[in-house]
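With the sequence shown counted from 1, adding 130 to any position gets you my numbering. Glycine included, each C-beta is placed from N, C-alpha and C at the ideal position.
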Amino acid sequence: MRGLIVIDVQNDFCPGGALAVPEGDAVVAPINAMMADFDAVILTQDWHPAGHSSFASSHPGKAPFEMIDMAYGPQVLWPDHCVQGSPGAVFHPALRTDADLILRKGFRAAIDSYSGFFENDRSTPTGLEGYLRSRGITRLTLVGLATDFCVQYSALDAARLGFAVEVRMQACRAIDLDGSLAAAVSAMKAAGVTLT
């Protein structure tokens with residue numbers, strides 16, 4: 131059984147959004163076109179409370195894209211984005227949302243969540259693994275935003291959990307912060323993730 135996991139195709143990550151990924155909206159048409167090829171489609175949705183600890187605005191004197199150390203490890207500070215109930219948190223208006231599951235992540239104020247499987251402490255589960263196992267899904271294809279953050283983290287966790295994982299690069303876009311895309315590609319290949 132094959133599952134398609136669509137990562138964070140939300141207004142704030144598309145052009146004009148608070149944390150816009152270059153050409154982020156270019157993933158929408160290819161993602162919509164491939165949905166019918168899978169046994170299940172899962173959409174992840176970044177869903178932060180206002181004042182989230184990953185927001186630079188929550189740390190006086192800090193600017194977006196600076197790094198800080200959190201209890202769970204290094205954390206990039208982001209512009210405020212995907213705040214619960216805001217227009218920026220909504221899926222891109224052209225994205226098909228008739229999915230089997232919409233999984234919201236990043237809703238715990240004290241910890242960020244890039245991966246669809248675990249919070250950034252790498253141990254607090256989102257419940258996605260259990261859902262996929264209960265559906266009998268063993269092969270995953272990942273697409274969405276951004277290649278070098280939430281897509282990469284989800285792909286690495288899925289591989290670590292024993293799923294067969296493919297990332298379709300043409301249906302992803304990257305932030306590419308200080309070489310983060312090249313590092314993500316290397317890490318995914320090293321973990322046995324297939325990049326197509």
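> What number of angstroms, rounded off, separates the C-alpha of proline 179 from the C-alpha of arginine 303?
Replying inline: 25 Å
>> Can you tell me where the beta strand (DSSP E) holding glutamate 296 begins and where it ends?
In response: According to the DSSP assignment, glutamate 296 belongs to the beta strand (DSSP E) that extends over 294–303.
>> Here's a check: name, in chain order, each residue in its chain whose Cβ is nearer than 8 Å to the Cβ of serine 310, leaving out the five neighbours to either side.
In response: Excluding residues within five positions, the ones whose Cβ falls inside 8 Å are Asp278, Phe279, Ala304.
> Quick one: what's got a C-beta closer than 8 Å to leucine 325's C-beta in the same chain, skipping five residues either side?
Replying inline: Glu296, Val297, Met299, Val315, Met318, Lys319
> For the segment 187–272, which segments carrying the alpha helix (DSSP H) assignment without a break, of at least 4 residues, lie completely within its bounds, in sequence order?
Replying inline: The DSSP assignment places 258–265 as complete runs of the alpha helix (DSSP H) inside the segment 187–272, in order along the chain (cut-off: 4 residues).
> Between which two residues does the beta strand (DSSP E) containing glutamine 175 stretch?
Replying inline: 170–176
>> For the pair the segment 261–270 and the segment 154–163, tell me if three or more CB-CB distances fall below 8 Å.
In response: In short, these stretches do not touch, since the Cβ pair count stays below three.
>> With a threshold of 6 Å on Cβ separation, who are the neighbours of leucine 173 within its own chain once the five nearest residues in sequence on each side are excluded?
In response: Val136, Ala229, Ile232
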